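When you line the sequence shown up against our numbering, it's residues 47 to 556, in that order. Here a beta-carbon is modelled for each residue, glycine too, at the ideal position from N, C-alpha and C. From a predicted model like this one, the values you see are computed outputs, not experimental measurements. As C-alpha cells, the structure follows; a few thoughts come after it.
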Amino acid sequence: MEATFHKPLRWLTSTAESRPPEATLIPQPVTQTALQGQTFTLQSSATVGVVTPSEAASSVADQFAARLRLSTGFPLPVQPGAGTITLSTDGPSSLGAEGYELRVDDSTVTITAATPEGLFRGVTTLRQLLPAKAEAATEQAGPWEIAGTTISDAPRYPYRGVMLDVSRHFFSVADVKRYIDLASLYKLNQLHLHLSDDQGWRIQVDSWPELTKYAAGSEVGGGPGGHFTKADFAEIVMYAAERFMTVVPEIDTPGHTNAALASYAELNADGEATPLYTGTEVGFSSLTVDKDLTYEFLDDVFREVAEQTPGDVIHLGGDEAHSTPHSDYLTFVPKAAELVVKHGKRVMGWHEIADADLPAGSIVQYWGTDDDRAQALARKGVTQGAEVVMSPANRAYLDMKYDQDTPYGLDWAGLISVEKSYSWDPATLIPELPESAVIGVEAPLWTETLDNMATVEFMVFPRLPGVAELGWSPASALEWSTYKDRLAEQGSRWEVLGVNFYRAPEIDWR
Ligand code: ACM
47 MEATFHKPLR
57 WLTSTAESRP
67 PEATLIPQPV
77 TQTALQGQTF
87 TLQSSATVGV
97 VTPSEAASSV
107 ADQFAARLRL
117 STGFPLPVQP
127 GAGTITLSTD
137 GPSSLGAEGY
147 ELRVDDSTVT
157 ITAATPEGLF
167 RGVTTLRQLL
177 PAKAEAATEQ
187 AGPWEIAGTT
197 ISDAPRYPYR
207 GVMLDVSRHF
217 FSVADVKRYI
227 DLASLYKLNQ
237 LHLHLSDDQG
247 WRIQVDSWPE
257 LTKYAAGSEV
267 GGGPGGHFTK
277 ADFAEIVMYA
287 AERFMTVVPE
297 IDTPGHTNAA
307 LASYAELNAD
317 GEATPLYTGT
327 EVGFSSLTVD
337 KDLTYEFLDD
347 VFREVAEQTP
357 GDVIHLGGDE
367 AHSTPHSDYL
377 TFVPKAAELV
387 VKHGKRVMGW
397 HEIADADLPA
407 GSIVQYWGTD
417 DDRAQALARK
427 GVTQGAEVVM
437 SPANRAYLDM
447 KYDQDTPYGL
457 DWAGLISVEK
467 SYSWDPATLI
477 PELPESAVIG
487 VEAPLWTETL
497 DNMATVEFMV
507 FPRLPGVAEL
517 GWSPASALEW
527 STYKDRLAEQ
537 GSRWEVLGVN
547 FYRAPEIDWR
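What follows is the structure, given as C-alpha cells:
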C-alpha cells in the first residue's frame, strides 16, 4: 500500500527572516519578508486569474472570489491567465504538495504552487493578510489593503488534524461543515470523526441496519442523537475535500462499543443486548473477542466505511478497553487491523494498539499525559514500523477546561491554558522517540459536556490555531511571546465570523 504521508521537509527549517512589524499570520510561514514601501489595494476592477487552470485550481479561485465578493461587493471575475490576483500551479515542486510562494506588491498578488492544494494553502494565507472584515458575509467599506510581502512556505508535518466526537453528542452536517471551515483557516488537513462509542452509532452501515435504526437515537444526557446517512457522509467528505481536508473515520473497538452491543444481542458473549447508555463512564463495554461474528461484523463495517472514505486511513480506536482481558486485546487488535488492511486502508489507532502486533504502515495516535507507559507504547509502535500522530491529552485535548472556572469541559488530563496547549514540540515531547517517526499533530475534541456549536467553539478557540501552528511551522518559529500577539489579531476575525471564542486573559485581545 502507498504511504500517504511523506517525510516532513526537514531542510525547510530557516525561521522568518525579516518579519514585518504587522506580522499576524497563524501558522507562522517558513519565511516572510516585507516589501518595504509597497502596498496592494484591491479595487473594484480586480480580476482573479488562474494560470494552467485545472478543475481543482479553478475551484480554489472560485471559492476565494465568492467569499471576497460578499465582503467587498466587487465583481472579481475568475478568468484563465494572469489577473490582478494570480493563482498559478506552475510553481516549484521543491516546496511539496502543500507548499506555496506568495508575493504582494503595489499592483498584483501572485500565489504559485505545484498543486491546487498548495494554492489553497496560499489563498488561506492571503485571507489572513486581508483586513478581518474581508471575512464578512455582507458588504463592508474598504480600503482593502495588504502590506507588500513575499512568503515562501510549506508544512513541517504532513498530518495536521482536528477531531470531533459526534458520538457522545451528535452534530449535524451543517455543524461539521462549520468545523471544517474554521479548522481549514489554520491549514489543518485531517478531520478525524469519532463515529461510534458507547452512547451512539453515527454512520449508516447497510449490512447492520439496527446500528442507526436503534443506537443512533441516544447520546449523553438522553438527547435525540442522530446519524449521518451515506448521502450526509458523502456531503461531508466532499466539503472537506474542497478544502483539502481528508476525513479520518473512527470506529472505536473493542471497547467503547455499547452502541453496537445494544443494537445486536448476538454480538454479546451472553447473547443478550445491553441497554442503551447515556452516561459518561468509560471502559465498561467490549466486543466479544472469541466470537467469529465479531469479525464478520467488523469486516462489514470497515468495508462500508472504507467505501465511503476516499482517504486511506481507518481509525479502529483501541483505547480504554478496560473490560477486554489483555490477552484478548492482543488477539483482537491484529485481527481487526487485518480487516482494515483487507479493505485497502492503513490502520490508525490510539496508542494502546501498539502493544499488539501491527500491520505495516500503521499510525499510532499518542494521547498520553507524560506518563511512562503511554510513551513506551508510542516507542513500541515505532519499533514495529508505525508512524506517530501526537495528541498529548494534557496539551492537545480541546475538551479540557482552560482553568477551574471554565463552564464546560473536563479536567482529568489537567487544566490547559492557551500557553500550555501551544508550548511543546511534537518532535521531542516523547523521550527517545525518533523524530522521523512523528508525522504530525491532532487536537481531539470529546463532547461529553458539549452539545452545541457555541460550546464547541468556546473550547476550540483560541487553542486550535496553536496546535495547527505546531503542525505547520518550523520548530525555530515556535515562540509563545510572538505567537500570543499574532493570536490576539485573530480575535477580530472570529468576531466577524461569529465564532464564540474564549477571551482568554493570557491574550491581549485587540
Ligand atoms: C481517549 O481519550 N480515550 C483516546
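Span of the beta strand (DSSP E), counted from its first residue to its last, around residue i
i    : result
G194 : E191 to D199
H361 : V359 to G363
F86  : T77 to T87
E296 : T292 to T299
I131 : I131 to S134
L475 : No beta strand (DSSP E) contains L475, which DSSP labels as neither H nor E.
R392 : R392 to W396
Exposed unless 16 or more other CB atoms sit within 10 angstroms - verdict on residue i
i    : result
H368 : exposed
P67  : With a pLDDT of only 43 at P67, under 50, the local geometry of the prediction cannot be trusted, and the value read off the model is given with reservation. P67 comes out exposed.
K53  : Any reading at K53 is ruled out, since the residue's pLDDT is 38, under 50, leaving its predicted position unreliable.
Q125 : exposed
Q536 : buried
G137 : buried
P204 : buried
S153 : exposed
G486 : buried
S213 : buried
A459 : buried
A280 : exposed
R509 : buried
S331 : buried
M314 : It should be noted that the sequence gives Asn, not Met, for residue 314. With 16 or more Cβ atoms within 10 Å of its Cβ, N314 is classed as buried.
M394 : buried
S519 : buried
E353 : exposed
A286 : buried
D211 : buried
D449 : exposed
E327 : exposed
Proximity test, residue i beta-carbon vs ligand 1 heavy atom, cut-off 6 Å
i    : result
D365 : yes
W458 : no
W247 : no
W555 : no
W190 : no
W254 : no
W540 : no
W526 : no
W396 : yes
W413 : yes
Range covered by the alpha helix (DSSP H) that runs through residue i
i    : result
A432 : That residue, A432, is in no alpha helix (DSSP H); it is neither H nor E in DSSP.
Q536 : W526 to L543
T258 : E256 to K259
I282 : K276 to E288
Q174 : P162 to L175
M499 : M499 to V506
I226 : V219 to S230
D554 : Where D554 is concerned, there is no enclosing alpha helix (DSSP H), given that its DSSP letter is neither H nor E.
CB contact check: residue i to chain C, cutoff 7 Å
i    : result
L210 : The chain labelled as chain C is not found in the depicted structure, where only one protein chain is given.
Exercise for the section: Could you tell me whether the stretch 213–224 touches the stretch 234–243, where touching means 3 or more Cβ pairs closer than 8 Å? Expected result: yes
Problem - Contact between the stretch 465–481 and the stretch 439–450 (3+ Cβ pairs under 8 Å) - result: yes
Practice task
Indicate whether the contact test is met: 3 or more Cβ pairs, each with one atom in the stretch 514–525 and one in the stretch 66–83, closer than 8 Å.
Solution key: yes
Problem - Inter-stretch contact at 8 Å, needing at least 3 Cβ pairs: the stretch 531–551 / the stretch 80–98 - result: no
Exercise for the section: Report yes or no: do three or more beta-carbon pairs, one from the stretch 365–381 and one from the stretch 272–287, lie closer than 8 Å? Expected result: no
Problem - Touch test, the stretch 487–504 against the stretch 248–263, Cβ-Cβ under 8 Å, three pairs minimum - result: no
Handout entry: Cβ pair count under 8 Å reaching 3, the stretch 333–347 against the stretch 411–423
Key = no
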